[in-house]
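Colleague: Going line by line, the protein sequences match chains F and H. So that you can map any letter, position 37 of the first sequence is 37 in the numbering used here, and since no number is skipped, the others follow by simple counting. So that you can map any letter, position 190 of the second sequence is 1190 in the numbering used here, and since no number is skipped, the others follow by simple counting. Backbone N, C-alpha and C fix where the C-beta goes; we use that ideal spot for every residue, glycine too. Structure provided below as structure tokens; questions to follow.
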Amino acid sequence: MFKLEKRPSPSKPWILATPILAVVMTMLAGGLMFAVLGKNPFEAIRIIFYDPLFNAQFASYSRPQLLVKAGPLILIAIGLSLGFRAGIWNIGAEGQYIMGAIAGATFGLAFYPTESPLIFPGMVIAGALGGWAWAMIPAILRTVFRTNEILVSLLLVYVAEKFLASAAVGFLRNPEGSGFPGSRQLNRIDAMSNPELFANTGMHWGVVMAFISVIAAYILLNKHLLGYQIKLAGQAPRAAKFAGVNPSRLIILCLGVSGALAGLAGLFEVSGPAGQISIDFNVGYGFTAIIVAFLGRLHPVGILLAGLLMALTYIGGELAQLMLGIPASAIQAFQGMLLFFLLALDVLSNYRIRMKKGEATA
Amino acid sequence: MKNLTTVLASGAMALGLATGAMAQDDPLQVGFVFVGSINDMGWNTGHYHGLEAVQEHFGDAVETTFVENVPEGADAERVLTQMALSGADLIFTTSFGYMDATNNVAERFPNVMFEHGTGYRRDHPNVSTYSARFYEGRAVMGHIAGHMTESNIIGYIASYPIPEVIRGINSAYLHASEVNPDVEFRVVWAFTWMDPTVETEAAQALIDQGADIIMQHTDTTAPLAVAAEAGAYGFGQASDMIQFAPAPRLSAIIDDWGPYYIARTQAVMDGTWESGDTWDGIGPGMVGIGEMTDAIPEDVRASAQAMVEAIAAGEYHPFTGPINMQDGSAWLAEGETADDGTLAGMDFYVEGVTGEIPN
């Protein structure tokens, strides 16, 4: 029968081929699921993957929306990927995203109604600091008390969500909002808004920042000693220690960077597309970014492509609901299949499949 | 040759007629956007029943589409835009948080009519707002609760400290204390609209404090499940939750959006649709009262039913003076009824409710 044989090192061609294969298999399995639901699978797949990009009726609107949706995913995933490569598991980017948004919005609104060109840059810094500070909690607990950063960072998401709710109905509540929850509309206040930079492109400062982070991460990982240390710590922790890598420093650094980037994503979102602090401001970017990071093989360019692909399935998924009446849960299952097949196919990068002779007993 | 051209020409004409006829019979496209799953058995299921009512009422003349689980903010704006681009004539946005998205998209599609549920902003002539006077139902539930409690402690699971919820607490309290002056309200703020875990914990905490009636302004059946186990009573919220009848579920406040959705769809068909604000209660049927079960004594059922009818007929307003505010200062004088503006922005408790509204 078949036998799996571990490769000495992961196969390069397979590492590149598995994401594409995973997408193809998702289309097949997802198509089957849509067929079982009584929908035309070819039409569904076309609507999800093709229509947002090329349909004459929608594409001119939905194509720029890809960037709006992918921007925060890429920005957060780049930060997470650094830690993931070093074996440091920040699962709480969602919380850092929330805290960045709250910190940035609070900074901006504190100056309301002053109009100054310095306010928005200040908000950006406050946003990054907010996310960074929230990530420092698991980082310090890990380095000082050896608590598990996975649990601490994840649980802090729920704390952040409660804090968000109390901000939306409490200290950030719009005093002119008739008592309803939610802050002032930041994207309607010139000094605090993160507008679309070029009309009908979807480009805003958060998308620009996402592209910059991709380039910076690429340089860091390939040209910088720190990048080397990150990779070494993940692949051979003991060897890294001998090579002089300080694990505590690395933890503080990786959690700090991922927290700051998640905080930035939150700030750009709250001052741009979302527009205000509301009870349900966070929509899961911090969690989806984990999928994006792995879908992109923790590689900066891979993450860029994975973020765009994920955004495509969101936008196409909405269209599929609208046009074909496919339930939202089926779309979510479809997105889940993507990660499932990718992880399952990882076997092919790490193992060789060999035919075993003679022992075909069953 | 001549034959062929005739055939072609008549064919083309037939085609032209056909498309012309189709354009005329083109069904009206009505879109719905839901913030959660249509199977949540609460808020979203209620609105989905409204969609079904529209489809059933108009049959082939209307084509309904919907997108569920749409987060508020940028995602909502995108979904609404795509819906408008796909040819929707009328769009219902069924969550408060869609307020900005609704108005933004309405500005770009002046020929599409928008109906925003529970909001107050109508920035453009193609935006209407609508909501239900749930406090009317809350008054009836309070009346029943005041009669039914033996410990004189009524637990109340509130969601968020917003006017809608505060109004409900006040209305329930006023009518519970009217029939039972010793009644005391314990309010727990869940800071969620639906979360079975949180609601279970809140209900349990209230029962541990001695509450034997649980009222809820959250959407799942979890509090009723806790009440069933503890031998306490509760009420259905948003949907009938009849599976918990006759006890613990004594009655229910049911959201019934169907009649309004049908009326507004008809208005678009007739070309009579106009921007406006609708706040309907028991009378027009937007707020339904679930069947009162046998667990309620007959005389209480009768008095509660009388209240339902008086409210429906417009003879009784649940906020009729004299009513003082929590700090003892006067709010409504004898016989005075609350105006809609004050109710819409209600941010204070009435006299007798203990505790503070969190902020």
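Between residue 1348 of chain H and chain F, is the shortest Cβ-Cβ distance under 7 Å, so that the two count as touching?
Modeller: By this cut-off, residue 1348 of chain H is not an interface position.
Colleague: Taking the alpha-carbon of residue 30 of chain F as reference, which of F:256, F:329, F:56 has the nearest alpha-carbon?
Modeller: For the residues F:256, F:329, F:56, the minimum Cα distance to residue 30 of chain F belongs to F:329.
Colleague: Would you mind working out which of H:1109, H:1042, H:1088, H:1257 sits nearest residue 1282 of chain H, comparing C-alpha positions?
Modeller: Considering only alpha carbons, the answer is H:1257.
Colleague: At a CB distance below 7 Å, what residues from the segment 1061 to 1080 of chain H approach chain F? Give them in sequence order.
Modeller: Residues 1065, 1067, 1068, 1069, 1071, 1072, 1073, 1074, 1075, 1078, 1079.
Colleague: Around the Cβ of residue 1062 of chain H, are there at least 16 other Cβ atoms within 10 angstroms (buried) or fewer (exposed)?
Modeller: Label assigned to residue 1062 of chain H: buried.
Colleague: Could you work out which residues of chain H lie near residue 280 of chain F, taking near to mean beta carbons separated by less than 7 Å?
Modeller: 1071, 1072, 1097, listed in chain order.
Colleague: Does residue 213 of chain F get closer than 7 Å to chain H when you measure Cβ to Cβ?
Modeller: So no, residue 213 of chain F is outside the interface.
Colleague: Between the C-alpha atoms of residue 283 of chain F and residue 135 of chain F, what's the straight-line distance to the nearest angstrom?
Modeller: Whole-angstrom Cα-Cα distance: 19 Å.
Colleague: Pull the bridge partners of residue 1294 of chain H from the DSSP assignment, please.
Modeller: The partner list for residue 1294 of chain H (beta bridge, DSSP) is empty, contrary to what the question assumes.
Colleague: In angstroms with no decimal places, state the Cα-to-Cα distance between residue 1093 of chain H and residue 1181 of chain H.
Modeller: Straight-line Cα distance between these residues: approximately 41 Å.
Colleague: Using the DSSP secondary-structure output, state which residues sit across from residue 1280 of chain H in a beta bridge.
Modeller: In the DSSP output, where bridge partners are listed per residue, residue 1280 of chain H has H:1132.
Colleague: Rounded to whole angstroms, what is the Cα-Cα separation between residue 305 of chain F and residue 296 of chain F?
Modeller: So the two alpha carbons sit approximately 7 Å from each other.
Colleague: Which chain H residues are close to residue 5 of chain F, counting only those with a beta carbon under 9 Å from its beta carbon?
Modeller: Within chain H, no residue comes near residue 5 of chain F; the closest Cβ sits about 44 Å away, beyond 9 Å.
Colleague: Please state whether DSSP places residue 1029 of chain H in a helix, a strand or coil.
Modeller: Three-state result, residue 1029 of chain H: strand.
Colleague: Which residue wins for smallest C-alpha separation from residue 189 of chain F, given the options F:4, F:33, F:307, F:276?
Modeller: When each option's Cα is compared against that of residue 189 of chain F, the closest is F:276.
Colleague: Taking just the CA atoms, how far does residue 14 of chain F sit from residue 8 of chain F?
Modeller: So the alpha carbons of these two residues sit roughly 14 Å apart.
Colleague: Cutting at 7 Å between CB atoms, please list the residues of its own chain near residue 345 of chain F, excluding the five before and the five after it.
Modeller: Around residue 345 of chain F: 18, 21, 22.
Colleague: In angstroms, rounded to a whole number, what distance separates the CA positions of residue 1021 of chain H and residue 1112 of chain H?
Modeller: Confidence at residue 1021 of chain H is low in this model, with a pLDDT of 38, below 50, so the placement of that residue should be treated as unreliable; the coordinate-derived value is given next. In a straight line, the C-alpha of residue 1021 of chain H is about 22 Å away from that of residue 1112 of chain H.
Colleague: Give me, in chain order, the residues of the same chain whose beta-carbon lies closer than 6 Å to that of residue 1149 of chain H; leave out the 5 immediate sequence neighbours on both sides.
Modeller: These residues qualify, in order along the chain: 1212, 1213.
Colleague: What residues in the segment 231 to 259 of chain F have a beta carbon less than 9 Å from any beta carbon of chain H?
Modeller: Answer set for the segment 231 to 259 of chain F: empty.
Colleague: On the criterion of 16 or more Cβ atoms from any shown chain inside 10 Å, does residue 209 of chain F qualify as buried, or is it exposed?
Modeller: When all chains shown are included, residue 209 of chain F counts as buried.
Colleague: Report the neighbours of residue 65 of chain F on chain H: residues whose CB is nearer than 7 Å to its CB, in chain order.
Modeller: Those are 1078, listed as they occur along chain H.
Colleague: Out of H:1326, H:1322, H:1275, H:1346, which one is the CA nearest neighbour of residue 1337 of chain H?
Modeller: Ranking the options by Cα distance to residue 1337 of chain H, first place goes to H:1322.
Colleague: What residues are listed by DSSP as bridge partners for residue 134 of chain F?
Modeller: Bridge partners of residue 134 of chain F: none, in fact.
Colleague: What residue range is occupied by the uninterrupted alpha helix (DSSP H) comprising residue 351 of chain F?
Modeller: No alpha helix (DSSP H) holds residue 351 of chain F; the beta strand (DSSP E) holding it covers 351 to 355.
Colleague: Of the choices F:6, F:5, F:72, F:33, whose alpha-carbon is the least far from that of residue 310 of chain F?
Modeller: Taking only the C-alpha atoms, the option nearest residue 310 of chain F is F:72.
Colleague: Looking at chain F, which residues of the segment 1177 to 1197 of chain H have a Cβ within less than 7 Å of any of its Cβ atoms?
Modeller: Per Cβ criterion, the list reads 1191.
Colleague: At least one CB of chain F closer than 7 Å to the CB of residue 1085 of chain H: is that the case?
Modeller: Yes, its Cβ sits closer than 7 Å to a Cβ of chain F.
Colleague: With distances taken from CA atoms, which of F:248, F:75, F:244, F:270 is nearest residue 107 of chain F?
Modeller: Of the candidates F:248, F:75, F:244, F:270, the one whose C-alpha sits nearest the C-alpha of residue 107 of chain F is F:270.
Colleague: Is the shortest distance between the beta-carbon of residue 167 of chain F and the beta-carbons of chain H less than 7 Å?
Modeller: So, not an interface residue.
Colleague: My output table needs one value for residue 1332 of chain H: the three-state DSSP class, helix, strand or coil.
Modeller: Looking at residue 1332 of chain H - three-state DSSP - the assignment turns out to be strand.
Colleague: In whole angstroms, give me the CA-to-CA distance for residue 26 of chain F and residue 66 of chain F.
Modeller: Spanning the two alpha carbons is a distance of roughly 20 Å.
Colleague: Examine chain F for any beta-carbon lying closer than 7 Å to the beta-carbon of residue 1104 of chain H, and answer yes or no.
Modeller: No, because no Cβ of chain F sits closer than 7 Å to the Cβ of residue 1104 of chain H.
Colleague: What are the boundary residues of the alpha helix (DSSP H) that residue 1229 of chain H is part of?
Modeller: Run containing residue 1229 of chain H: 1222 to 1230, per the alpha helix (DSSP H) assignment.
Colleague: Between residue 1345 of chain H and chain F, is the shortest Cβ-Cβ distance under 7 Å, so that the two count as touching?
Modeller: Yes, residue 1345 of chain H lies at the interface with chain F (some Cβ there is under 7 Å from its Cβ).
Colleague: Compute the beta-carbon to beta-carbon distance between residue 154 of chain F and residue 92 of chain F, rounded to the nearest angstrom, for a pair I have assumed lies under 8 Å.
Modeller: Right, their Cβ atoms sit about 5 Å apart.
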